[in-house]
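**Student:** Chains E and R, in that order, give the protein sequences. According to the numbering used here, the first sequence is numbered sequentially starting from 1. According to the numbering used here, the second sequence is numbered sequentially starting from 1. Built from N, CA and C at the ideal position, the CB exists for glycine as well. Quantities reported herein were computed from a predicted structural model and do not represent experimental measurements. I have a structure here, written as structure tokens, and I will follow up with some questions on it.
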Amino acid sequence: MSTATITSKIAKLQSLITVANLLSALEKTVKAAVLPLTGIVMFLFLWQATASNIVTSLGQFPGPGDVWDQSKILIEEHHAEREKADAFYVRQEVRNAKKLAKNPDAKVKIRPYTGKATYFDQIFTSLYTVAFGFLIATLIAIPLGIACGLSEKVYSAVNPIIQTFKPVSPLAWLPLVTMVVSALYVSDDPYFEKAFLTSAFTVALCCLWPTVVNTIVGVASIDRDLIDVSRVLRLSWPVYIKTIVIPSAIPLIFTGLRLSLATGWMVLIAAEMLAQNPGLGKFIWDEFQNGSSSSLGRIMVAVITIGIIGFILDRLMLALQKRVSWDKQAIFR
Amino acid sequence: MHKNYLEISQVGIEFPTEAEPFRALQNVNLSIQQGEFISLIGHSGCGKSTVLNIIAGLYQATEGGIILEGREVDEPGPDRAVVFQNHALLPWLTVYQNVELAVKCVFKKTKSKAEIREWIEHNLELVHMDHAMHKRPGEISGGMKQRVGIARCLAMQPKVLLMDEPFGALDALTRAHLQDSLMEIQNRLGNTVVMITHDVDEAVLLSDRIVMMTNGPAASIGEVLDINLQRPRDRLSLAEDPAFNAYRQQVLRFLYEKQKNPAAKPKQVESASKSEPKTDKVSAPEAA
Numbered sequence: 001m002s003t004a005t006i007t008s009k010i011a012k013l014q015s016l017i018t019v020a021n022l023l024s025a026l027e028k029t030v031k032a033a034v035l036p037l038t039g040i041v042m043f044l045f046l047w048q049a050t051a052s053n054i055v056t057s058l059g060q061f062p063g064p065g066d067v068w069d070q071s072k073i074l075i076e077e078h079h080a081e082r083e084k085a086d087a088f089y090v091r092q093e094v095r096n097a098k099k100l101a102k103n104p105d106a107k108v109k110i111r112p113y114t115g116k117a118t119y120f121d122q123i124f125t126s127l128y129t130v131a132f133g134f135l136i137a138t139l140i141a142i143p144l145g146i147a148c149g150l151s152e153k154v155y156s157a158v159n160p161i162i163q164t165f166k167p168v169s170p171l172a173w174l175p176l177v178t179m180v181v182s183a184l185y186v187s188d189d190p191y192f193e194k195a196f197l198t199s200a201f202t203v204a205l206c207c208l209w210p211t212v213v214n215t216i217v218g219v220a221s222i223d224r225d226l227i228d229v230s231r232v233l234r235l236s237w238p239v240y241i242k243t244i245v246i247p248s249a250i251p252l253i254f255t256g257l258r259l260s261l262a263t264g265w266m267v268l269i270a271a272e273m274l275a276q277n278p279g280l281g282k283f284i285w286d287e288f289q290n291g292s293s294s295s296l297g298r299i300m301v302a303v304i305t306i307g308i309i310g311f312i313l314d315r316l317m318l319a320l321q322k323r324v325s326w327d328k329q330a331i332f333r
Numbered sequence: 001m002h003k004n005y006l007e008i009s010q011v012g013i014e015f016p017t018e019a020e021p022f023r024a025l026q027n028v029n030l031s032i033q034q035g036e037f038i039s040l041i042g043h044s045g046c047g048k049s050t051v052l053n054i055i056a057g058l059y060q061a062t063e064g065g066i067i068l069e070g071r072e073v074d075e076p077g078p079d080r081a082v083v084f085q086n087h088a089l090l091p092w093l094t095v096y097q098n099v100e101l102a103v104k105c106v107f108k109k110t111k112s113k114a115e116i117r118e119w120i121e122h123n124l125e126l127v128h129m130d131h132a133m134h135k136r137p138g139e140i141s142g143g144m145k146q147r148v149g150i151a152r153c154l155a156m157q158p159k160v161l162l163m164d165e166p167f168g169a170l171d172a173l174t175r176a177h178l179q180d181s182l183m184e185i186q187n188r189l190g191n192t193v194v195m196i197t198h199d200v201d202e203a204v205l206l207s208d209r210i211v212m213m214t215n216g217p218a219a220s221i222g223e224v225l226d227i228n229l230q231r232p233r234d235r236l237s238l239a240e241d242p243a244f245n246a247y248r249q250q251v252l253r254f255l256y257e258k259q260k261n262p263a264a265k266p267k268q269v270e271s272a273s274k275s276e277p278k279t280d281k282v283s284a285p286e287a288a
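As structure tokens, then:
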């Protein structure tokens with residue numbers, strides 16, 4: 001065999017290998033996508049089959065098709081409402097311009113549009129509320145968890161209280177929070193709506209605990225050697241907490257934060273329903289009270305929206321955890 | 001003035017247990033001079049680490065005490081740096097930052113920023129780790145981590161360097177390299193070192209004196225052996241040196257005849273009241 005033929009054979013082999021590699025990559029992607037897709041399709045069939053057998057006083061239980069239609073309607077309503085708002089402002093400007101033309105000293109005002117909130121406004125309100133509640137919870141939970149994790153005494157003192165309040169339902173807190181907010185948040189020109197504060201505080205009260213408990217465990221399980229290092233170096237408390245305690249505990253703190261955010265998002269819907277905070281919870285409640293033939297479909301849209309947003313929130317926390325974590329080799333899921 | 005630089009006098013310690021307090025050490029007396037290299041050797045669970053932790057101030061002696069340069073020691077501090085068996089580096093900091101943390105604790109007020117930087121780099125050079133300064137502990141080998149652990153301690157310029165089985169977790173070849181490095185550094189800097197070891201060869205090779213401990217409970221110092229071998233020492237030529245082998249024999253005889261391994265012979269009179277605090281495995285020292 002001459003060298004030329006050998007070279008050409010090698011070239012052929014190499015191209016075959018490239019093709020094989022591409023094929024295996026494709027196979028992997030397909031395999032990765034096939035099972036989830038199969039699951040979704042089977043679920044949709046099951047849903048459709050079940051839905052067509054349930055008749056409620058508001059008509060047939062919505063199947064996937066109805067929900068799809070309703071979600072399109074909700075988007076259309078959003079655009080329609082925005083157009084109305086734009087038109088409203090244009091009218092005002094025209095009117096003001098005329099006024100000024102007549103009398104340059106006339107006082108003109110732009111009044112805000114007070115049309116009803118669209119579905120997307122409501123999603124935004126919910127996100128904003130949960131973020132506020134979650135932030136309050138985090139600001140309390142992490143320092144509390146660190147204090148309990150560092151000191152056996154603080155832990156013994158605080159633990160019974162944590163264990164008692166941890167299993168309390170948001171619905172039990174809500175009346176109390178409502179009354180307290182009404183009593184204490186008195187202002188002629190309130191920056192926050194009372195319903196917003198009530199919902200956010202209820203979220204905070206309920207999503208505090210997973211972060212507290214996980215931070216305690218994270219802080220309490222610092223490597224003994226590292227504690228000894230800090231003692232030999234006589235690290236001051238702030239340096240000790242910053243350089244040793246928080247980095248050691250960060251994986252478990254994040255586990256807690258993710259659980260807390262998921263809890264908070266779940267609690268929020270219930271809180272909004274009862275506190276009438278204009279978010280997704282209120283949307284569902286209003287649709288339920290409204291009781292039209294499209295209500296159940298619209299509620300189902302909200303259910304799916306809530307699920308998807310919850311999922312996205314968890315992924316966002318995971319991404320944040322990956323960014324903050326010092327151990328880039330760690331496996332996150 | 002160099003006499004009794006570090007004085008361990010009448011040290012005893014009890015640990016509370018559920019039944020009755022467990023007496024780990026009793027009547028430990030030892031005077032260490034400046035620049036001396038001391039090895040503590042004994043079977044597992046005999047309280048070697050406890051002695052070291054008391055010197056470090058991490059444990060409080062129940063009776064007796066430690067005097068360093070005329071002052072009593074009762075809490076941990078950077079003048080008694082500890083090299084831990086498992087390096088105890090902060091995994092989220094780079095090699096440089098790990099040393100920096102220690103240096104800043106000791107020299108923050110006395111050195112300028114540039115001096116601190118130089119001093120960290122100098123100490124990493126001393127242990128031949130300047131090439132991996134900006135790596136994290138997870139990215140370097142076990143031997144390298146231990147080198148950094150040593151650099152961190154040296155950089156604190158401690159009065160005493162305490163080493164708790166510093167090479168115990170390393171393979172034989174890496175261990176030999178690190179022992180050579182340690183000898184070289186000690187030759188240059190003249191540190192006072194107290195090292196715990198399981199390894200008879202290591203003890204004879206590195207030490208000026210070997211302190212052999214009896215088995216616990218209520219362990220104490222059994223014998224002290226002076227090692228009068230010329231420095232600098234070379235492991236190859238020492239391997240054939242009759243004096244070196246005689247020292248080894250003496251330590252081995254102490255460990256395996258006078259103080260039999262408590263784990264090997266459980267039915268001894270001394271260990272009748274058994275409540276061993278340590279569960280780490282007994283590893284027989286290798287005779288190379």
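What three-state label does DSSP hand Glu72 (chain R) in the structure shown?
**Tutor:** Strand, per DSSP.
**Student:** Who are the Cβ neighbours of Thr118 (chain E) in its own chain at under 7 Å, not counting the five residues just before and after it?
**Tutor:** Glu77, His78 and Glu81, listed in sequence order.
**Student:** Compute the beta-carbon to beta-carbon distance between Arg248 (chain R) and Asp201 (chain R), rounded to the nearest angstrom, for a pair I have assumed lies under 8 Å.
**Tutor:** Indeed, because the Cβ distance is near 7 Å, the residues count as touching under 8 Å.
**Student:** Mind checking Ala137 (chain E): buried by the 16 CB within 10 Å criterion, or exposed?
**Tutor:** That one is buried.
**Student:** Check this for me: beta carbons of Ser293 (chain E) and Leu150 (chain E), under 8 Å apart or not?
**Tutor:** Taking 8 Å as the Cβ cut-off, Ser293 (chain E) and Leu150 (chain E) do not qualify as a contacting pair.
**Student:** Following a CB-centred definition, is Val130 (chain E) positioned closer than 7 Å to any heavy atom of the ligand GTP?
**Tutor:** This structure lacks the ligand GTP, and indeed carries no ligand of any kind.
**Student:** What's the gap between the Cα of Lys281 (chain R) and the Cα of Thr198 (chain E)?
**Tutor:** Bear in mind that the predicted position of Lys281 (chain R) carries a pLDDT of just 40, short of 50, making it too unreliable to give a figure here.
**Student:** Between Met133 (chain R) and Val95 (chain R), is the Cβ-Cβ spacing less than 8 Å?
**Tutor:** Cβ atoms of Met133 (chain R) and Val95 (chain R): closer than 8 Å.
**Student:** Measuring only the C-alpha atoms, how far is Ser230 (chain E) from Ile210 (chain R)?
**Tutor:** Ser230 (chain E) and Ile210 (chain R): Cα-Cα distance of roughly 30 Å.
**Student:** So, does the segment 214-223 of chain R touch the segment 46-55 of chain R, judging by three or more C-beta pairs under 8 Å?
**Tutor:** Flag = yes, the segment 214-223 of chain R and the segment 46-55 of chain R touch.
**Student:** How would you write the range of the beta strand (DSSP E) that Glu295 (chain R) sits in, first residue to last?
**Tutor:** Nothing can be reported for residue 295 (chain R): it is not among the residues displayed for chain R, which extend from 1 to 288.
**Student:** Among the candidates R:Lys258, R:Met144, R:Glu7 and R:Leu30, whose CA atom is the shortest distance from the CA of Gly70 (chain R)?
**Tutor:** Out of R:Lys258, R:Met144, R:Glu7 and R:Leu30, R:Glu7 has the C-alpha closest to the C-alpha of Gly70 (chain R).
**Student:** Counting only beta-carbon atoms, is Phe84 (chain R) nearer than 8 Å to chain E?
**Tutor:** Cβ-Cβ to chain E under 8 Å: yes for Phe84 (chain R).
**Student:** So is Arg231 (chain E) in contact with chain R if we call contact Cβ pairs under 8 Å?
**Tutor:** Interface residue, yes.
**Student:** Taking 8 Å as the CB-CB cut-off, is Pro251 (chain E) touching chain R?
**Tutor:** Not one chain R Cβ lies under 8 Å of Pro251 (chain E).
**Student:** I want to verify the contact list: residues of chain R whose CB lies under 9 Å from the CB of Arg234 (chain E), in sequence order.
**Tutor:** Correct list: Glu75, Pro76, Gly77, Pro78 and Cys105.
**Student:** By the three-class DSSP mapping on this structure, what secondary structure does Gln26 (chain R) have?
**Tutor:** Note: Gln26 (chain R) maps to strand in three-state DSSP.
**Student:** Using Cβ-Cβ distances below 9 Å, what residues of the segment 53-77 of chain R are close to chain B?
**Tutor:** Going by chain labels, chain B is absent from the structure shown, which instead holds the protein chains E and R.
**Student:** Once the 5 residues before and after Ala169 (chain R) are set aside, which same chain residues still bring their CB inside 7 Å of it?
**Tutor:** These residues qualify, in order along the chain: Gln85, Asn86 and Gly142.
**Student:** Can you tell me where the alpha helix (DSSP H) with Gln97 (chain R) in it begins and where it stops?
**Tutor:** Taken as a continuous stretch (DSSP letters only), the alpha helix (DSSP H) holding Gln97 (chain R) covers Val95 to Phe107.
**Student:** Given this structure, state the Cα-to-Cα distance separating His122 (chain R) from Leu40 (chain R), to the nearest angstrom.
**Tutor:** Rounded to the nearest angstrom, the two C-alpha atoms are 29 Å apart.
**Student:** Taking Leu208 (chain E) as the reference, which of E:Trp265, E:Ala51, E:Ala275 and E:Asp189 has the closest Cα?
**Tutor:** Minimum Cα distance to Leu208 (chain E) is reached at E:Trp265.
**Student:** Closest Cβ-Cβ distance between Ala102 (chain R) and chain E: below 8 Å?
**Tutor:** Yes, contact with chain E.
**Student:** Can you tell me which residues form a DSSP beta bridge with Gly59 (chain E)?
**Tutor:** For Gly59 (chain E), which the question treats as bridged, DSSP gives the partners E:Thr56.
**Student:** Please look up how many angstroms separate the CB atoms of Ala56 (chain R) and Leu154 (chain R), rounded, as I've assumed it's under 8 Å.
**Tutor:** With 8 Å as the limit, Ala56 (chain R) and Leu154 (chain R) do not qualify as a contact, their Cβ atoms being about 16 Å apart.
**Student:** What residues in its chain sit with their C-beta under 7 Å from that of Ala262 (chain E), if we drop five residues either side in the sequence?
**Tutor:** Cβ neighbours of Ala262 (chain E) beyond the five flanking positions: Gly310 and Asp314.
**Student:** Closer than 8 Å, Cβ to any Cβ of chain R: which residues of the segment 134-149 of chain E, in chain order?
**Tutor:** Residues: none.
**Student:** Between which two residues does the alpha helix (DSSP H) harbouring Ser295 (chain E) extend?
**Tutor:** That run of the alpha helix (DSSP H) goes Ser295 to Val324.
**Student:** Smallest Cα separation from Leu229 (chain R): which of R:Phe37, R:Phe15 and R:Asp130?
**Tutor:** When only C-alpha atoms are compared, the closest one is R:Phe37.
**Student:** Is the shortest distance between the beta-carbon of Ile17 (chain E) and the beta-carbons of chain R less than 8 Å?
**Tutor:** Ile17 (chain E) does not count as touching chain R.
**Student:** Could you please give me the residues that DSSP links to Met163 (chain R) through a beta bridge?
**Tutor:** According to DSSP, Met163 (chain R) bridges with R:Val83 and R:Met195.
**Student:** Measure the Cβ-Cβ separation of Ser220 (chain R) and Asn53 (chain R) and say whether it is below 8 Å.
**Tutor:** No; because the gap between Cβ atoms is not below 8 Å, this pair is not in contact.
**Student:** Would you report the Cα separation of Asn96 (chain E) and Glu193 (chain E), rounded to the nearest angstrom?
**Tutor:** So the two alpha carbons sit approximately 30 Å from each other.
**Student:** Compute the Euclidean distance between the alpha carbons of Asp208 (chain R) and Ser237 (chain R), then round it to the nearest angstrom.
**Tutor:** Whole-angstrom Cα-Cα distance: 18 Å.
**Student:** Thinking Gly279 (chain E) and Asn214 (chain E) are a contact (beta carbons under 8 Å), I'd like their distance in whole angstroms, please.
**Tutor:** Going by Cβ atoms, the distance from Gly279 (chain E) to Asn214 (chain E) rounds to 27 Å, so no, they are not a contact pair.
**Student:** Count the other CB atoms within 10 Å of the CB of Leu37 (chain E); is the residue buried (16 or more) or exposed (fewer)?
**Tutor:** Burial call: exposed.
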